[in-house]
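Asker: Encoded as structure tokens, here's the structure I'll be asking about.
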Amino acid sequence: MAGGFAALALGGASYAKPGDGNWYFFGDSSTGQGNHAALLEQRGETQFPYSSNNGFRRLSNGLVWSEMMGRDVDIVLDPDRDSNNVNFAFSGAHITASGDLAEFGLYTGVQIQTAIFAEMVEAGEASVGADDVAFIMAGANDLMDRAAAGEDFDAIIADIAEAGADNITTLGALGVKTVLMAEVRPIKFAPLVRDDAEAQAAFAEAVDAANIALFDAAVAAADAAGVNLVTVRDEAFLTYIRDNAAALGFDEVDRECYLEDADTVCAPDMAGQNRYLFLDDLHFTEAGQLLTAQWWQATLAGANGEAARPALMLPSLVAAGLEMSEQSVWAGARQGPGVFGDLAYQDVKFDFDGLTADVRLKAASFGGAYRLTDVFSAGAALRHDDAEIRFGNGDRQDYAATTLTGFLRYAEDGYGLTAAVSHSWLDFEDGVRQTGVRGLSARTSFDGEAWQASLLSDAAYEWGVFDLQVSNSLQYDAIRIDGATETGATGLALRYGAQSLNTWRFDTHLDARMDGWRVAENVTLAPVGAVGWTWRSNADHSLVSQLIDNTADPVTLFGEGLAENSFETRLGLEAQIAERFTAGLSYGRGWGDDRHSDDRIALTVRARF
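Just add 1 to wherever you are in the sequence shown, counting from 1, and you've got this note's numbering.
Below, the structure written as structure tokens:
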């Protein structure tokens with residue numbers, strides 16, 4: 002390889018073979034952590050006002066975004082490098098092979114960086130796993146440096162596109178399956194051209210054209226190489242910061258903190274410097290770097306499906322809510338001809354593979370049954386559920402379910418058989434997904450429906466002072482949630498495909514009522530209780546999500562539904578009035594492998610005719 006960069010990269014500390022999931026960074030000074038200083042042997046020199054990485058200058062007053070993504074990342078030229086996550090980025094680098102040091106015969110561009118990575122892999126100093134990710138941010142230097150030298154924008158843009166495709170091809174040949182590549186950074190926002198409207202307009206047009214050409218070429222290369230190319234929407238990122246500067250803690254987004262000619266800074270401490278987005282006329286303060294790290298993490302989470310996990314849980318959470326609220330309908334149907342009503346509250350804390358969800362459900366139902374013959378009755382019930390879902394990652398989703406149930410019952414000599422069909426209309430509103438970028442959330446709403454077909458058998462017994470009822474039910478649930486598109490987070494918003502969850506369910510319950518105490522002339526008060534077990538077929542379901550207006554491939558996530566087995570108990574008091582009317586209040590608990598807690602409160606009213 003040409004120049005000292007390659008020689009130092011391969012002559013550094015031995016690079017152990019990493020496992021899956023390593024991160025590799027390529028780009029210019031917006032990404033770099035000090036490779037430029039290391040190449041020029043500037044370790045330990047004064048860095049003011051910039052901070053350093055192991056003594057090597059980086060163009061920030063603190064950590065750069067590649068270090069702030071939650072990983073230990075070392076520069077490739079650090080002689081003390083011991084991390085499997087490596088930063089190849091170089092200050093002044095172009096997306097081509099060139100860079101600021103090309104006039105000295107040192108080529109530091111991204112094409113050189115990816116070639117060095119290839120040499121490391123070929124030499125056994127690095128290995129690539131299927132879950133490794135490469136990050137690329139470059140192209141702005143190509144436009145600025147070559148335009149300043151008098152070159153035509155069209156020629157520069159053509160080279161940017163060709164180099165971008167070549168970098169993708171190189172990484173794909175090494176086995177990298179996912180590449181996050183940023184748009185060419187919008188130079189029009191940099192303090193460098195703050196007072197030059199003509200330059201702002203020229204660069205704005207050139208950057209737009211460069212991004213079109215770059216991603217057209219890179220997508221073609223990615224398709225050929227089997228790479229999932231993910232676009233990091235840099236203009237949307239800068240626009241978000243500028244539109245929300247005060248809320249993000251910035252007093253200034255157009256002016257730099259460090260004035261190089263005067264060698265002065267806006268504040269002596271980092272807290273004061275971080276009131277500015279830009280440290281110098283091109284590079285961010287640490288506050289800006291932190292937001293950049295959050296934006297890249299959010300983009301990765303959108304591309305790999307992590308951001309869509311709460312949406313994947315929704316069918317299972319709806320199924321849990323319908324299970325609870327339907328118990329009142331079954332109880333009402335078993336009483337025979339008459340009317341019934343229930344108010345219920347449930348608070349369940351689920352845990353789905355580390356992502357928790359607190360579901361608070363309020364349900365109300367009203368129904369009745371009419372005697373057809375001595376042994377047959379028919380009835381219907383209407384119930385409405387309101388649920389609030391609060392996920393452990395800060396996301397939230399509310400939904401309402403309106404359910405109409407029709408049933409036919411046969412009952413004779415203490416035995417009964419009930420068949421029922423239910424249809425639920427699902428309305429998901431006020432969904433908020435926290436993108437992970439400070440202050441930025443995406444909003445969404447869904448529609449859906451659920452069908453339930455059920456067959457219930459029950460038998461009544463007397464055992465001493467107890468009236469017992471044993472019931473068994475077999476049910477088939479079909480839940481569908483329509484696809485939707487998020488709003489409010491341009492550059493990070495997701496599109497969701499439709500979801501379907503179809504499960505078989507078997508329930509068995511033992512209800513007990515103890516002989517009561519007469520507390521008034523026509524009023525008897527009695528303890529009641531129940532135990533139950535539920536088995537579910539635990540059918541898998543899937544969700545396809547994709548970043549909107551992005552080159553990223555759709556990603557398919559698979560969910561396992563609710564736990565296969567769960568249990569419940571209930572204790573309460575029931576008042577019987579004039580032998581026709583009953584009212585009850587009960588508290589219940591549920592258990593299952595998918596939940597931390599499950600509390601239930603129910604108020605019931607029934608009248609028999």
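Glycine included, C-beta positions come from ideal geometry on N, C-alpha and C.
For ARG372, collect the residues of the same chain with a Cβ closer than 7 Å to its Cβ; drop the 5 residues on either side in sequence, then sort them by chain order.
Answerer: PRO338 and SER378
Asker: Determine the direct distance from the alpha carbon of ASN212 to that of ILE158, and round the result to whole angstroms.
Answerer: 9 Å
Asker: For GLY110, which three-state DSSP category applies?
Answerer: coil
Asker: Does DSSP put VAL220 in a helix, a strand or coil?
Answerer: helix
Asker: Please report how far the alpha carbon of THR109 lies from the alpha carbon of GLY130, in whole angstroms.
Answerer: 25 Å
Asker: Provide the residue span of the alpha helix (DSSP H) that contains GLN34, from first to last.
Answerer: Segment: none, GLN34 is in no alpha helix (DSSP H) and carries neither H nor E.
Asker: Tell me which same chain residues have a C-beta within less than 6 Å of the C-beta of PRO187, skipping the five on either side of it?
Answerer: VAL208, GLU236 and LEU239
Asker: What do you reckon, are the CB atoms on VAL231 and THR170 nearer than 8 Å?
Answerer: no
Asker: Given that a residue counts as buried once 16 or more other Cβ atoms are within 10 Å of its Cβ, and exposed if not, what is ASN473?
Answerer: exposed
Asker: Considering only C-alpha positions, which residue in the set GLY93, VAL524 and ASP217 is nearest to ASN142?
Answerer: The option with the nearest alpha carbon to ASN142 is GLY93.
Asker: Cα separation between VAL545 and ALA412?
Answerer: Across the structure, VAL545 and ALA412 are spaced so that their CA atoms are roughly 46 Å apart.
Asker: Assuming ILE161 is part of the alpha helix (DSSP H), what are its boundary residues?
Answerer: Element bounds for ILE161: 154-174.
Asker: Compare the C-alpha of GLY273 against each of ASP262, ASP282, GLU257 and GLY355 and name the closest.
Answerer: Of ASP262, ASP282, GLU257 and GLY355, the residue nearest in Cα terms is GLU257.
Asker: Assign GLU68 to buried or exposed, taking buried as 16 or more other Cβ atoms, counted over all protein chains shown, within 10 Å of its Cβ.
Answerer: When all chains shown are included, GLU68 counts as buried.
Asker: In three-state DSSP terms, what is TYR259?
Answerer: coil
Asker: Alpha carbons only, please: which of LEU318, ALA119 and ALA223 is nearest the one belonging to ARG596?
Answerer: Nearest C-alpha to ARG596: LEU318.
Asker: Compute the beta-carbon to beta-carbon distance between ASN62 and THR286, rounded to the nearest angstrom, for a pair I have assumed lies under 8 Å.
Answerer: 5 Å
Asker: Would ARG607 be called buried (16 or more neighbouring beta carbons within 10 Å of its own) or exposed?
Answerer: buried
Asker: How many Å lie between LEU291 and LEU181 at the Cα?
Answerer: 18 Å
Asker: Who does PHE392 pair with in a DSSP beta bridge?
Answerer: DSSP lists ALA358 as partners of PHE392.
Asker: Return the first residue and the last residue of the beta strand (DSSP E) that GLY339 is part of.
Answerer: 339-353
Asker: Taking only beta-carbon atoms, is ALA226 less than 8 Å away from chain C?
Answerer: In the structure shown, chain C cannot be found, because there is only a single protein chain.
Asker: I'd like the span of the alpha helix (DSSP H) that includes PRO316, first residue to last.
Answerer: DSSP places PRO316 inside the alpha helix (DSSP H), whose first and last residues are 310-335.
Asker: With DSSP as the reference, identify every bridge partner of GLU236, one or two as the case may be.
Answerer: Paired residue(s): none; GLU236 is not in a bridge.
Asker: Checking 8 Å against the spacing of the C-beta atoms, do ARG506 and ASP478 come in under that value?
Answerer: Yes, these two residues count as a Cβ contact at 8 Å.
Asker: In its own chain, which residues sit with a C-beta less than 6 Å from the C-beta of ASP527, not counting the 5 before and 5 after it?
Answerer: According to the sequence as given, residue 527 is Ala; it is not Asp. Excluding positions up to five away in sequence, the list reads ARG514, MET515, GLY517 and GLU575.
Asker: So, at 6 Å on beta carbons, what are the nonlocal neighbours of GLY560 in its own chain, with the 5 sequence-adjacent residues on each side left out?
Answerer: LEU313 and HIS542
Asker: Nearest by alpha-carbon distance to ASP29: which of GLY489, GLY100, ASP459 and TRP464 is it?
Answerer: Ranking GLY489, GLY100, ASP459 and TRP464 by Cα distance to ASP29 puts GLY100 first.
Asker: Please classify GLY20 as buried or exposed, where buried requires at least 16 other C-beta atoms within 10 Å of its C-beta.
Answerer: Unreliable placement is indicated for GLY20, whose pLDDT of 29 sits below 50; the coordinate value is still reported in the next sentence. So GLY20 ends up on the exposed side.
Asker: Quick one: residues in its chain with C-beta nearer than 8 Å to the C-beta of ILE549, no 5 flanking neighbours on either side, listed in chain order?
Answerer: Excluding sequence positions up to five before and after ILE549, its CB lies within less than 8 Å of the CB of THR486, GLU487, ALA494, LEU495 and ARG496, all in the same chain and listed in chain order.
Asker: Please report the straight-line C-alpha distance between LEU456 and LEU475, rounded to a whole angstrom.
Answerer: 5 Å
Asker: Note down the Cα distance separating GLY533 from LEU586, rounded to an integer number of angstroms.
Answerer: 18 Å
Asker: Please confirm whether GLN112 and ALA98 have their CB atoms less than 8 Å apart.
Answerer: Taking a C-beta distance under 8 Å as the contact criterion, GLN112 and ALA98 qualify as a contact pair.
Asker: Just reading off the beta strand (DSSP E) that ASN566 is part of, what are its end residues?
Answerer: 566-578
Asker: Using a 10 Å radius around the Cβ and a threshold of 16 neighbouring Cβ atoms, would you call TRP592 buried or exposed?
Answerer: exposed
Asker: Out of curiosity, what's the CA-to-CA distance linking HIS385 and ARG361?
Answerer: 14 Å
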